[in-house]
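Before any comments, here is the structure.
Protein chains: 2
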Amino acid sequence: MSAPQETDSRRRLNREEVLRTALELVDSEGLEALSMRRLGQALDRDPMGLYRYAANRADLLDGITELVLNELAIFPTDPDWQAQLRRIAHDLRLLALRHPNVVPLLVTRPLSTPLGLRPLGTLRPLEQILGLLIEAGFAPNDALHVYRAYYGFLYGHILNELQEYIVDPEENVALLRLGLHRLPARDFPNLRELAPVLADYDGEAELDEGISILLSGLAERLTTGKEAPAG
Amino acid sequence: MSAPQETDSRRRLNREEVLRTALELVDSEGLEALSMRRLGQALDRDPMGLYRYAANRADLLDGITELVLNELAIFPTDPDWQAQLRRIAHDLRLLALRHPNVVPLLVTRPLSTPLGLRPLGTLRPLEQILGLLIEAGFAPNDALHVYRAYYGFLYGHILNELQEYIVDPEENVALLRLGLHRLPARDFPNLRELAPVLADYDGEAELDEGISILLSGLAERLTTGKEAPAG
DNA sequence: GCCTAGAGTCTACGGTGTAGATGCATTCGG
DNA sequence: CCGAATGCATCTACACCGTAGACTCTAGGC
Numbered sequence: 759m760s761a762p763q764e765t766d767s768r769r770r771l772n773r774e775e776v777l778r779t780a781l782e783l784v785d786s787e788g789l790e791a792l793s794m795r796r797l798g799q800a801l802d803r804d805p806m807g808l809y810r811y812a813a814n815r816a817d818l819l820d821g822i823t824e825l826v827l828n829e830l831a832i833f834p835t836d837p838d839w840q841a842q843l844r845r846i847a848h849d850l851r852l853l854a855l856r857h858p859n860v861v862p863l864l865v866t867r868p869l870s871t872p873l874g875l876r877p878l879g880t881l882r883p884l885e886q887i888l889g890l891l892i893e894a895g896f897a898p899n900d901a902l903h904v905y906r907a908y909y910g911f912l913y914g915h916i917l918n919e920l921q922e923y924i925v926d927p928e929e930n931v932a933l934l935r936l937g938l939h940r941l942p943a944r945d946f947p948n949l950r951e952l953a954p955v956l957a958d959y960d961g962e963a964e965l966d967e968g969i970s971i972l973l974s975g976l977a978e979r980l981t982t983g984k985e986a987p988a989g
Numbered sequence: 759m760s761a762p763q764e765t766d767s768r769r770r771l772n773r774e775e776v777l778r779t780a781l782e783l784v785d786s787e788g789l790e791a792l793s794m795r796r797l798g799q800a801l802d803r804d805p806m807g808l809y810r811y812a813a814n815r816a817d818l819l820d821g822i823t824e825l826v827l828n829e830l831a832i833f834p835t836d837p838d839w840q841a842q843l844r845r846i847a848h849d850l851r852l853l854a855l856r857h858p859n860v861v862p863l864l865v866t867r868p869l870s871t872p873l874g875l876r877p878l879g880t881l882r883p884l885e886q887i888l889g890l891l892i893e894a895g896f897a898p899n900d901a902l903h904v905y906r907a908y909y910g911f912l913y914g915h916i917l918n919e920l921q922e923y924i925v926d927p928e929e930n931v932a933l934l935r936l937g938l939h940r941l942p943a944r945d946f947p948n949l950r951e952l953a954p955v956l957a958d959y960d961g962e963a964e965l966d967e968g969i970s971i972l973l974s975g976l977a978e979r980l981t982t983g984k985e986a987p988a989g
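Protein chains in written order, with the working numbering: chain A, 759 to 989; chain B, 759 to 989.
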């Protein structure tokens, strides 16, 4: 009882438990480190046994994205929809920074599955944000457009920020300089000149600024009753 | 000579040729269909011989993204920067629709490679758009911010649109209805109600609308000399 | 004619996802 | 209390993967 780990290996697992250690594996060693055999040995179980909790590897990946998205709290009945959208944006950003290795999953998996057939957990944010917007007074049609603009902006920002994200900030500048120095000066003058600016990128501030612009635009469209902008 | 295909297999290949048929393979059969062996047999060559043109599989993928991005024409000296940005946006959208299977690559590869070490071809759009903006009068600092907003919006939109994209529009409605019907009504009322709206999503119009909003915001900031919005 | 260098080929190794057979333990029917 | 059945865990095996290293073959220089 002192060690509820994998040592007494006869404990019965469940899907969530499997997904959780799969997530740990991805977080610590990257996506391609996640194989059935590797996961099996992390759980001290036969790899084949895992098929009891995930139909196949793809389903495992879907489960991970679902698990991660469940970390995101949304309160669709909050009357202050702007504050809510702003908080969700920051939360999602932090979530992406916490699990950078699963961001490719977040972004990629939906591309290969028609909307209606996706894991329910991944549709929850969409549903709830639609609810939030409709509650706030948007017509359902417009709510969808607003969601697209919001979601598009968010994912765009996350991709932006993660592309320039490197764990050790010390190393950041070094690597950046190193890499940019490699660029042929005559073909990439602008990029090289902007190296220092690239190096100190404040993702949180940039996200917040962008969200402010978006929200003010949306609020105006809500009160004047015009159609919402595209995303 | 009548068939410059793979039949007389003694012709010497080059990297571009290899990448091009790799791209064809990905376009027609998906990303996971691209293996060294498969590609080798598509070129009627020994799979090992391909390592002459790509250091490894990752390099092959990088090459494909580079090849695809090269389809994008940018004229950094065009004085009408707004028209230019609008055209590029539409071109990139079409490019994504033309090669939906490589979009995951476009989006994912940069996440695993520090900016400075990326294939030069993938940095060209960044460099040239920075040039365009600086030429237009933005301070280099602001140009970077503007680029991020622009790029983030674009990629966000593409991800949005591709998630709802299905080849056969006939099937589209069917699948969508089918899928959404599967959703538990009490948990997903909004999503189910919006099914018809989801079905006819005009990506081009939505992109154009969004770009207009973005550009007008940017133009204003350019003339008033304020800082650019975040992305 | 021979030697060399390089391109093309083959084999082999350690990994992968997963189908199917097999072993095992537990529970149920009599 | 015993046998059968039922479901879970495990094992083996197959087809595929990326790629290191050895080998063969060819073309060109002397």
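A virtual CB, placed ideally from N, CA and C, is assigned to each residue, including glycine.
7 Å Cβ shell around residue i - same chain, five flanking residues per side excluded
| i | result |
| --- | --- |
| PRO862 (chain A) | LEU789 |
| ASN859 (chain B) | VAL784, ASP785, GLY788, LEU789 |
| LEU777 (chain B) | GLY821, ILE822, LEU825 |
| LEU808 (chain A) | VAL776, MET794, LEU797, GLY798 |
| GLN842 (chain A) | PHE833, ASP836, LEU890 |
| ARG876 (chain A) | PRO868 |
| ALA901 (chain A) | LEU888, LEU891, ILE892 |
| LEU956 (chain B) | GLU922, LEU934 |
| PRO883 (chain B) | LEU827, LEU830, ILE832 |
| ALA953 (chain A) | LEU934, ARG935, LEU938 |
Where residue i falls: helix, strand or coil (DSSP)
| i | result |
| --- | --- |
| THR835 (chain B) | coil |
| GLY874 (chain B) | helix |
| GLY788 (chain B) | coil |
| THR981 (chain A) | helix |
| VAL774 (chain B) | It is worth fixing the name first, because residue 774 (chain B) is Glu in this sequence and not Val. Of the three classes helix, strand and coil, the one that applies to GLU774 (chain B) here is helix, per DSSP. |
| ARG795 (chain A) | helix |
| ARG803 (chain B) | coil |
| LEU830 (chain A) | coil |
| ALA854 (chain B) | helix |
| ALA812 (chain B) | coil |
| MET759 (chain A) | Below a pLDDT of 50, predicted positions are generally treated as unreliable, and MET759 (chain A), at 36, falls in that range; no measurement from the model is reported. |
| ARG867 (chain B) | helix |
| ALA986 (chain A) | With a pLDDT of only 49 at ALA986 (chain A), under the threshold of 50, the placement of this residue in the model should not be trusted; the figure read from the coordinates follows. Coil at ALA986 (chain A), not helix or strand. |
| ARG844 (chain B) | helix |
| ARG882 (chain B) | helix |
| LEU819 (chain A) | helix |
Closer than 7 Å at the beta carbon, the chain A residues around residue i
| i | result |
| --- | --- |
| ILE822 (chain B) | Chain A residues near ILE822 (chain B): none, gap ~15 Å exceeds 7 Å. |
| ASN899 (chain B) | VAL955 |
| ASN918 (chain B) | ARG906, TYR909, GLY910, GLY989 |
Within chain A, partners of residue i - CB distance below 8 Å
| i | result |
| --- | --- |
| GLN921 (chain B) | PRO868, LEU869, LEU873 |
| PRO805 (chain B) | The premise fails here: PRO805 (chain B) is roughly 20 Å from chain A at the closest Cβ pair, so nothing lies under 8 Å. |
| GLY895 (chain B) | Per Cβ cutoff of 8 Å: no residues; GLY895 (chain B) is ~14 Å from chain A at best. |
| ARG940 (chain B) | GLY874, LEU875 |
Cross-chain neighbours of residue i in chain B, by beta carbon under 9 Å
| i | result |
| --- | --- |
| PHE833 (chain A) | The contacting residues do not exist; PHE833 (chain A) stays about 15 Å from chain B at best. |
| VAL776 (chain A) | Chain B residues near VAL776 (chain A): none, gap ~23 Å exceeds 9 Å. |
| VAL861 (chain A) | THR866, LEU869 |
Contacts around residue i, its chain only, beta-carbon distance under 8 Å, and the 5 residues preceding and following it disregarded
| i | result |
| --- | --- |
| TRP839 (chain A) | LEU890, LEU891, GLU893, ALA894 |
| LEU972 (chain A) | ALA907, TYR908, PHE911 |
| PRO898 (chain B) | LEU888, ILE892 |
| ALA988 (chain B) | For ALA988 (chain B), the predicted model reports a pLDDT of 47, less than 50, meaning its position is unreliable; a value from the coordinates is still stated below. The answer, listed in chain order, is HIS903, ARG906, ALA907. |
| LEU941 (chain B) | LEU949, ARG950 |
| ALA791 (chain B) | LEU783, VAL784 |
Other residues of its chain near residue i: CB distance less than 6 Å, five sequence neighbours each side excluded
| i | result |
| --- | --- |
| ARG770 (chain B) | none |
| GLY961 (chain A) | GLU919 |
| LEU864 (chain A) | THR823 |
| ILE969 (chain A) | ARG844, ALA847 |
| TYR811 (chain B) | ARG773, VAL776 |
Chain A residues whose Cβ lies nearer than 9 Å to that of residue i
| i | result |
| --- | --- |
| ILE892 (chain B) | ASN948 |
| GLU928 (chain B) | Per Cβ cutoff of 9 Å: no residues; GLU928 (chain B) is ~14 Å from chain A at best. |
Proximal residues of chain B, C-beta to C-beta of residue i below 8 Å
| i | result |
| --- | --- |
| ILE951 (chain A) | The residue you asked about is not Ile; residue 951 (chain A) is Glu in the sequence shown. Simply PRO898. |
| LEU853 (chain A) | Simply none; closest approach about 15 Å. |
heavy atom of the ligand MN below 7 Å from residue i C-beta
| i | result |
| --- | --- |
| LEU818 (chain B) | Only the bare structure without any ligand can be found here, which leaves the ligand MN out of the picture. |
Beta-carbon neighbours of residue i, restricted to chain B and to distances below 7 Å
| i | result |
| --- | --- |
| GLY889 (chain A) | ASN948 |
Given 8 Å, three or more beta-carbon pairs between the segment 936-948 of chain B and the segment 880-892 of chain A: A contact between stretches requires three or more CB pairs, one per stretch, nearer than 8 Å, and the segment 936-948 of chain B meets this requirement with the segment 880-892 of chain A.
Contiguous alpha helix (DSSP H) assignments of at least 4 residues, all confined to the segment 895-970 of chain B: Runs of the alpha helix (DSSP H) lying entirely within the segment 895-970 of chain B, each at least 4 residues long, are 898-921, 927-940, 947-951, 953-957 in chain order.
Stretch pair the segment 863-878 of chain A + the segment 790-800 of chain A: three plus CB contacts closer than 8 Å: With the cut-off at 8 Å, the segment 863-878 of chain A and the segment 790-800 of chain A do not touch.
Any 3 or more C-beta pairs closer than 8 Å across the segment 849-856 of chain A and the segment 909-917 of chain B: No: fewer than three Cβ pairs fall under 8 Å.
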